[in-house]
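FYI, full-length UniProt numbering numbers position 107 of the sequence shown as 107, with every residue one higher than the one before it. We treat Cβ as the ideally placed atom computed from N, Cα and C, and that holds for glycine.
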Amino acid sequence: MNPINCVLGYYKVGIHTLVMSIYSENKQAVMELREGILFFTFKSNTVLDQESAKTIVKERLLFQERKVYPVFCNISGVQSLDNSALKFLFHEGIVYIKALSLFSDIPLAARIGEFYLRTNPIAIPCRFFTNRMHAITFLKPYK
């Protein structure tokens, strides 16, 4: 597949449907490609600076193999994020992303994220959610 460790698997949805899933994990995040959406989840207590943001994007690009996907990004595990990492992720870091759904189960993080997106628009459709199903529904037209 590619130089990062990936696992190909199937899981059952309903009675007769098997869905293919491709999974990869590193020390900061878990990536899973499922049903045409890339699910990206930061692990607990992740600290992001510009260098770690570049590493994460590099690994995501290897995982995607130059294919464009809508991305569900769960940022609930991010403990801190510096301004240079944020700028990198929302500008250079959005390559090969068709649409971005940011999710956090922390309402304050969502409010701060929404404010940032309103004051610093990015080049792809992007919204912040505190409801996981709404976040996934937002991405479905971009599959």
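inquiry  = Which residue wins for smallest C-alpha separation from residue 54, given the options 82, 139, 117 and 22?
reply    = For the purposes of this step, residue 54 is taken as residue 54 along the sequence shown, with counting starting at 1. Looking at the Cα atoms, 82 is the closest of the given residues.
task = Would you list the residues sitting across from residue 133 in a DSSP beta bridge?
result = Residue numbering aside, residue 133 sits at position 133 when the sequence shown is read from its first letter. Answer by DSSP bridge pairing: none, since residue 133 is not bridged.
inquiry  = Less than 9 Å between the C-beta atoms of residue 88 and residue 64, yes or no?
reply    = As a working mapping, residue 88 is identified with position 88 in the sequence shown. As a working mapping, residue 64 is identified with position 64 in the sequence shown. Cβ atoms of residue 88 and residue 64: not closer than 9 Å.
task = Helix, strand or coil for residue 60, going by three-state DSSP, please let me know.
result = As a first step, residue 60 is located in the sequence shown; it is residue number 60 there, counting from the start. DSSP places residue 60 in helix when its eight states are reduced to three.
inquiry  = Once the 5 residues before and after residue 38 are set aside, which same chain residues still bring their CB inside 6 Å of it?
reply    = Locating residue 38 in the sequence shown gives position 38, where the first residue counts as 1. Excluding positions up to five away in sequence, the list reads 69 and 71.
inquiry  = Here's a check: name, in chain order, each residue in its chain whose Cβ is nearer than 8 Å to the Cβ of residue 57, leaving out the five neighbours to either side.
reply    = Within the sequence shown, residue 57 is the residue found at index 57, counting from 1. Correct list, in chain order: 88, 89, 92, 93 and 95.
task = Measure the C-alpha to C-alpha separation of residue 80 and residue 62 and round it to an integer number of angstroms.
result = Taking the sequence shown and counting its residues from 1, one reaches residue 80 at position 80. Taking the sequence shown and counting its residues from 1, one reaches residue 62 at position 62. Cα to Cα, the separation comes out at about 25 Å.
ask   = How about residue 115 and residue 73: do their beta carbons lie closer than 9 Å?
value = Your numbering for residue 115 matches position 115 in the sequence shown. Your numbering for residue 73 matches position 73 in the sequence shown. The answer is no: Cβ separation not under 9 Å.
task = Please go through the same chain and pick out, in chain order, the residues whose beta-carbon is closer than 6 Å to the beta-carbon of residue 84, but skip the five residues on each side of it.
result = Reading the sequence shown from its first residue, position 84 is the one you call residue 84. Within the same chain, residue 84 has close Cβ partners 50.
query = So which of 141, 99 and 45 has the shortest CA-CA distance to residue 122?
reply = Translated into the one-based positions of the sequence shown, residue 122 becomes position 122. The option with the nearest alpha carbon to residue 122 is 99.
message = So if DSSP puts residue 29 in a beta bridge, which residue, or which two residues, is it bridged to?
response = Here residue 29 refers to the residue found at position 29 when the sequence shown is read from its first residue. Note: residue 29 sits in a beta bridge opposite 42.
query = So the alpha helix (DSSP H) residue 124 belongs to, where does it begin and stop?
reply = The residue given as residue 124 occupies position 124 in the sequence shown. No alpha helix (DSSP H) holds residue 124; DSSP gives it neither H nor E.
key: Anticipated Cβ contact below 8 Å, residue 103 with residue 75, distance rounded   = Against the sequence shown, residue 103 aligns to sequence position 103. Against the sequence shown, residue 75 aligns to sequence position 75. Yes, they are in contact, since the Cβ atoms of residue 103 and residue 75 sit about 7 Å apart, within 8 Å.
request  = Under 8 Å by Cβ, that's how I've got residue 137 and residue 105 pegged, so tell me the actual separation to the nearest angstrom.
outcome  = Your numbering for residue 137 matches position 137 in the sequence shown. Your numbering for residue 105 matches position 105 in the sequence shown. Not confirmed; about 17 Å, so no contact.
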